[in-house]
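K.L.:
Structure below; questions to follow.
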Amino acid sequence: MGERNSHSVGLISRKSLFCLFTVATSIFIFSWFFVLRSTGRSHFIDRHLLPNSRLAAVSDNSPPLNQEKTSGLILNPPETDDIAETIREKDVGKCNSKKLHLKVFMYDLPPEFHFELLGWKSEGNNVWPDIQSKVPEYPGGLNLQHSIEYWLTLDLLSSSFPGLAGSRSAVRILNSSEADVVFVPFFSSLSYNRHSKIIPPEKESKNKLLQEKLVTYLTSQEEWKRSGGRDHVIMAHHPNSMLDARMKLWPAMFILSDFGRYPPNIANVEKDIIAPYKHVIRTFVNDSAGFDKRSTLLYFQGAIYRKDGGFIRQELFYLLKDEKDVHFSFGSVQGDGIRKATQGMHSSKFCLNIAGDTPSSNRLFDAIASHCVPVIISDDIELPYEDILDYSEFCIFVRMSDAVKGKFLIKLMNSISKEEWTRMWERMKEIEHLFEYQYPSKKDDAVQMIWQAVARKEPSVRLKLHKSRRFLWSEIGKKQVATSLPWSRHFW
Ligand SMILES: *[C@@H]1O[C@H](CO)[C@@H](O)[C@H](O)[C@H]1NC(C)=O
Ligand SMILES: *[C@@H]1O[C@H](CO)[C@@H](O)[C@H](O)[C@H]1NC(C)=O
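Heads up: the sequence shown runs through residues 1 to 492, numbered per UniProt numbering.
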């Protein structure tokens, strides 16, 4: 009995000694942690133990690949204020002032891929037109909806012009090793719009041929091989553009209008960028047509019958056609249609955007330019710069399943007060410039917003790139290759 007691007492004291030791050790480690942090020798800890808070702020706040700036930010101890600051800075317009330019390397693709498609003729060996003397024009009409290829390319070509340096989001640099991204200036939407027909005796359309040539060109470039294409930026704004090449060039970052015709492994919101359509309705300058001056409640302009997701248009037409102050008009906006649609949208409170054969359409951007509050009925729509722009401040989203319920839409429109509507109208006037394509580009217009969106993707491109290189040494070991490697400078 006594023996068993003393044994258990021994056990207890051994246990408590162990506890004491553990506690003391913990306190010791903990205090070192604080000593390190307060003496500023905490870089390792900040960088490795507190990655989330710090890196979140860094990736949002600093230009990609700018070493001094990035490491400077990492070396400061993290403060929650900084992070809050970063979030506040996400307000559109403010977030960009601190950012440096995205550094873009642009391939000197042969002119048949770009300006020759506009009818420009190269003289001598010039790949690019001299846009300081004359800017070739992009074809008008509905072609313009997808003209982002033209505006982005012009922006890069002009990036070294004096006088334009102050308000840029991207600069063209000539050494690809120093670039953040590699830009592929193929005018793919125009190629689709203009050259999809097979003209005998040819067996393939020019559009298809150009895509094949592009794939051959790109995959043989040093820059492509270095990254497997991951840091390349390819424009395919028309939903049917790059139909063949997209399946081969998918590691690149695409600039698209939506993901409707892409399998998710080829294009997705993590990897790619949604760019606005260029609106075809004139911007409503000096708009004083407020709530009471807009007599039409709800306006829709578009084709009534669309394949794929477009069945909803018909349903809505039958639900709404007899409602008071609702205007449905059919056909595409061209010629005189543009004038009528302009008039219609400028005098309506709400403008319907219904999924057509693709989730997106230029209608949304026409509505914004008209300051007609968009009512978006498209469950799969993805919107430009939505990571920094809250569309609910000026758009009304309605699920398809709700929209087709009896009087749901009409009741919803009528329940929105004059004050609420006016707030959305005012907000549209504040942000409409984010959707303007122009040359020269202006601060935070569509051109610059797209470059900024590319810049925000850049850290995740680096991450993928670095991950893809993890086993390079093993691969080399397997192949027993001892020669120096072209990618080594990037690797380090
Ligand atoms: C391009 O940049 C890399 C890295 O900065 C540099 O090593 C190389 O010499 C540059 N090439 C030229 C042609 O300037
Ligand atoms: C808009 O208003 C400004 C200032 O009042 C004026 O200078 C400009 O001409 C107007 N523009 C149009 C298109 O009416």
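Built from N, CA and C at the ideal position, the CB exists for glycine as well.
In this text the structure is predicted, and so the values were computed from the model without any measurement.
1. Smallest Cα separation from Gly406: which of Glu116, Lys248, Asp108, Glu315?
2. For the segment 104 to 118 against the segment 154 to 173, are there 3 or more C-beta pairs whose distance is under 8 Å?
3. In angstroms with no decimal places, state the Cα-to-Cα distance between Ser257 and Ala275.
4. CA-CA distance, Ala303 and Ala289?
5. With Val373 as the anchor, note down where its beta strand (DSSP E) starts and where it stops.
6. Would you list the residues whose beta-carbon is nearer than 5 Å to any heavy atom of ligand 2, in the order they occur in the chain?
7. Between Met242 and Ile148, how many whole angstroms is the CB-CB distance? I'm expecting something under 8 Å.
8. Under DSSP, the alpha helix (DSSP H) around Ala367 begins and ends at which residues?
9. Taking the alpha carbon of Leu117 as the point to measure from, which residue in Leu210, Glu123, Arg261 has its own alpha carbon closest?
10. Please tell me whether Trp421 and Val375 are closer than 8 Å, where the distance is taken between their beta carbons.
11. Can you give me the start and stop residues for the alpha helix (DSSP H) that Asn414 sits inside?
12. Please state whether the Cβ-Cβ distance between His101 and Phe186 is less than 8 Å.
13. Of all residues in the structure, which have a C-beta closer than 6 Å to any heavy atom of ligand 1, taken in chain order?
14. Out of curiosity, what's the CA-to-CA distance linking Ser227 and Glu382?
15. Would Trp151 and Tyr439 qualify as a contact pair, given that the criterion is a beta-carbon distance under 8 Å?
16. So what's Ala455 in DSSP terms, helix, strand or just coil?
17. Following the continuous alpha helix (DSSP H) through Arg194, name the residue where it begins and the one where it ends.
18. Give the secondary structure of Met235 by DSSP, where H, G and I count as helix, E and B as strand, and everything else as coil.
19. Just to check my reading of the structure: Met345 and Ile281 have Cβ atoms closer than 8 Å, yes? What is that Cβ distance to the nearest angstrom?
20. For Glu79, which residues of its own chain have a beta-carbon under 6 Å away from its beta-carbon, when the five flanking residues on both sides are left out?
21. With H, G and I counted as helix, E and B as strand and the rest as coil, what does DSSP make of Ala341?
22. What are the partner residues of Ala289, as DSSP defines its beta bridges?
23. Taking 8 Å as the cut-off, decide whether the C-beta atoms of Thr358 and Pro459 are in contact.
24. Closer than 7 Å by C-beta to Phe471: which residues in its own chain qualify, once you throw out the five before and the five after it? Chain order, please.
25. Hey, how far is the Cα of Phe259 from the Cα of Ser167?
26. How far does the alpha helix (DSSP H) with Lys349 in it extend, from its first residue to its last?
27. Rounded to whole angstroms, what is the Cα-Cα separation between Leu352 and Glu393?
28. Can you tell which of Val215, Phe254, Glu112 has its C-alpha closest to the C-alpha of Val454?
29. Looking only at DSSP bridge pairs, what is Val184 linked to?
30. To the nearest angstrom, how far is it from the Cα of Asp231 to the Cα of Arg462?
31. To which residues does DSSP link Ile281 through a beta bridge?
32. Select from Val233, Lys206, Ser329, Leu190 the residue whose C-alpha is nearest the C-alpha of Ala179.
33. What does a CB cutoff of less than 6 Å around Leu190 pick up in its chain, not counting 5 residues either side in sequence?
34. Sort Ile273, His371, Arg363 by Cα distance to Phe291 and report the nearest one.
35. Can you list, in chain order, the residues of its chain whose CB lies under 6 Å from that of Phe350, leaving out five sequence neighbours each side?
36. Beta-carbon separation of Lys321 and Phe328 under 8 Å?
P.N.:
Answer, in terms of the structure:
1. Glu315
2. yes
3. 6 Å
4. 27 Å
5. 373 to 377
6. Val285, Asn286
7. About 13 Å separates the two Cβ atoms, so there is no contact after all.
8. 363 to 370
9. Leu210
10. no
11. 408 to 415
12. no
13. Asn175, Ser177, Glu178
14. 27 Å
15. yes
16. helix
17. 188 to 195
18. strand
19. 6 Å
20. For Glu79, the predicted model reports a pLDDT of 39, less than 50, meaning its position is unreliable; a value from the coordinates is still stated below. Excluding sequence neighbours, Glu79 sits near nothing in its chain.
21. helix
22. Bridge partners of Ala289: none, in fact.
23. no
24. none
25. 31 Å
26. No alpha helix (DSSP H) holds Lys349; the beta strand (DSSP E) holding it covers 348 to 354.
27. 16 Å
28. Phe254
29. Ile234
30. 8 Å
31. In the DSSP output, where bridge partners are listed per residue, Ile281 has none listed.
32. Val233
33. Leu117
34. His371
35. Leu298, Val373, Val375, Met413
36. yes
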